[in-house]
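The structure appears right after this line, and notes come after that.
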Amino acid sequence: MFNAQYFRTFITLVETGSFTHTARKLEMTQPGVSQHIRKLENYLDKTLLRRHGRRFTLTDAGRRAYDYAIKLFAEHEHFRHSLDDDSLHSGECRIASPSSIGLMFYPFVLGYQQVHSGLTFNYNFAFNQDIVQDVAAGRYDLGLVSDPIKRSELSYTLWHHEPLCLVAPADFRGNGLGELMALGFINYSDGINNASQLLRANFSGEFRSMSHFPLKGYTNDVGVVLDAVARGLGFTVVSRAVLETSPWQRQVIEVPLSTPAYEPFYIVTRQDAELAKRYDQLLSDFREQRRTVLYGYSEEPSTDVLEE
106 MFNAQYFRTF
116 ITLVETGSFT
126 HTARKLEMTQ
136 PGVSQHIRKL
146 ENYLDKTLLR
156 RHGRRFTLTD
166 AGRRAYDYAI
176 KLFAEHEHFR
186 HSLDDDSLHS
196 GECRIASPSS
206 IGLMFYPFVL
216 GYQQVHSGLT
226 FNYNFAFNQD
236 IVQDVAAGRY
246 DLGLVSDPIK
256 RSELSYTLWH
266 HEPLCLVAPA
276 DFRGNGLGEL
286 MALGFINYSD
296 GINNASQLLR
306 ANFSGEFRSM
316 SHFPLKGYTN
326 DVGVVLDAVA
336 RGLGFTVVSR
346 AVLETSPWQR
356 QVIEVPLSTP
366 AYEPFYIVTR
376 QDAELAKRYD
386 QLLSDFREQR
396 RTVLYGYSEE
406 PSTDVLEE
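This is the structure we're talking about:
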């Protein structure tokens with residue numbers, strides 16, 4: 106019969122190297138320690154120790170049993186801490202987001218885990234509609250989406266605004282709508298919406314619709330859309346997070362515009378679920394760091410766009 110205490114006694118014995126020290130550490134008798142080891146050997150049907158007087162060495166089965174026991178108790182401790190919803194820095198976090206924020210948020214998450222080793226992350230990159238479905242089905246506790254797709258069982262909270270950037274090939278020297286039309290547009294999953302928002306804000310007297318722009322290509326992965334731009338095939342509009350994390354950022358230019366526009370991101374959760382506090386801490390820490398990088402302080406600028 107499986108008994109976790111037998112494994113605990115075995116771990117202590119291996120680490121102390123002494124039946125006497127093990128008995129003292131576990132507040133047992135020495136015969137009691139020997140009995141635990143015998144029962145563990147009987148349970149596994151393997152000899153774990155080779156005794157040499159008062160000393161012992163591990164058999165191959167003993168080494169494997171020790172490695173297994175260490176993993177067993179480590180997983181047990183992680184599981185125990187994961188049940189503590191009040192803990193800020195331990196437990197599992199199940200998160201999904203689009204690449205437009207995930208390309209920056211996911212590396213932050215990995216760094217966060219390095220600092221707080223009690224945390225583990227199950228992170229999924231997906232499109233807005235898939236994230237909403239996964240959160241509704243309980244496959245993820247929390248989603249980050251740029252489009253709040255309404256469903257009665259879900260709740261949305263505005264979390265962060267990321268500035269949008271007009272990105273063109275490195276040799277592009279224009280700054281007008283006609284020159285952009287001549288260049289053509291590289292689209293991605295949210296490209297039309299983001300481009301429409303930024304161009305309407307800056308060319309309100311001229312801009313009508315993205316349908317007037319020649320479409321020079323499409324990819325479903327915003328993380329690689331700047332490859333096409335770097336090759337001179339057209340322009341696009343992406344969040345600054347995408348531009349800053351792109352391997353092609355030095356091969357493109359950001360066209361300066363006078364009026365900012367932003368891509369909003371919402372937290373989506375189930376109405377009937379209460380998020381563990383570790384999520385609040387993680388999301389707050391990222392947002393504060395990102396705002397400081399963007400604006401030099403932890404608050405976003407006050408604009409009509411942000412108040413919508």
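In this text, residue positions in the sequence shown follow the working numbering: the first is 106, and each later residue adds one. Glycine included, each C-beta is placed from N, C-alpha and C at the ideal position. Since the model is a prediction, treat every value here as computed from it, not as a measurement.
Distance from the CA atom of Ala335 to the CA atom of Glu180, rounded to whole angstroms, is 46 angstroms.
For Ile297, the secondary structure class from DSSP, reduced to helix, strand or coil, is helix.
A distance below 7 angstroms between beta-carbons, with the five flanking residues on each side excluded, links Ser363 to the following residues of its chain, in chain order: Asn307. Excluding the 5 residues flanking it on each side, Phe112 has same chain C-beta neighbours closer than 6 angstroms at Ala174, in chain order.
Out of Gly167, Thr324, Arg395, the CA that lies nearest to the CA of Glu120 is found in Gly167. With a cutoff of 8 angstroms on beta-carbon distance, Val272 and Glu359 are scored as near each other. Here the C-alpha atom of Leu303 lies approximately 53 angstroms from the C-alpha atom of Leu177. A distance of 8 angstroms or more separates the beta carbons of Ser251 and Asn229. Listed in chain order, the beta strand (DSSP E) runs fully inside the segment 260-340 are 290-292, 320-323, counting runs of at least 3 residues. In chain order, Ala201, Ile236, Val240, Val373 place their CB closer than 6 angstroms to the CB of Gly248, counting only its own chain and leaving out the 5 sequence neighbours on each side. Put simply, the backbone Cα of Gly339 is about 5 angstroms away from that of Phe290.
A buried status is given to Phe115, since no fewer than 16 other beta-carbon atoms sit within 10 Å of its beta-carbon. Residues Phe290, Ile297, Ala300, Ser301, Leu304 of the same chain have their beta carbon placed closer than 8 angstroms to that of Met315, with the five preceding and five following residues left out of the count. One Cα belongs to Leu149, the other to Ser192, and the distance between them is close to 37 angstroms. If you draw a straight line from the Cα of Asp246 to the Cα of Leu331, it comes to about 31 angstroms. Note that the C-beta distance between Tyr371 and Pro212 is not below 8 angstroms. Val327 and Arg256 have their C-alpha atoms some 26 angstroms from each other. According to the DSSP secondary-structure assignment, His194 is paired through a beta bridge with no residue.
Inter-residue distance for Phe226 and Tyr323 is about 31 angstroms (C-alpha atoms, whole angstroms).
Distance between Val214 and Arg375, taken at the CA atoms: about 22 angstroms. Between Ser344 and Leu285, the C-beta gap is not smaller than 8 angstroms, which leaves the two residues out of contact.
Per DSSP, the unbroken beta strand (DSSP E) holding Phe230 starts and ends at 223-230. Relative to the Cα of Arg355, the nearest Cα in the group Glu311, Pro365, Pro274, Leu259 belongs to Pro274.
The DSSP-derived three-state label of Tyr402 is coil.
In this structure, the beta-carbon distance from Glu368 to Ser205 falls below 8 angstroms.
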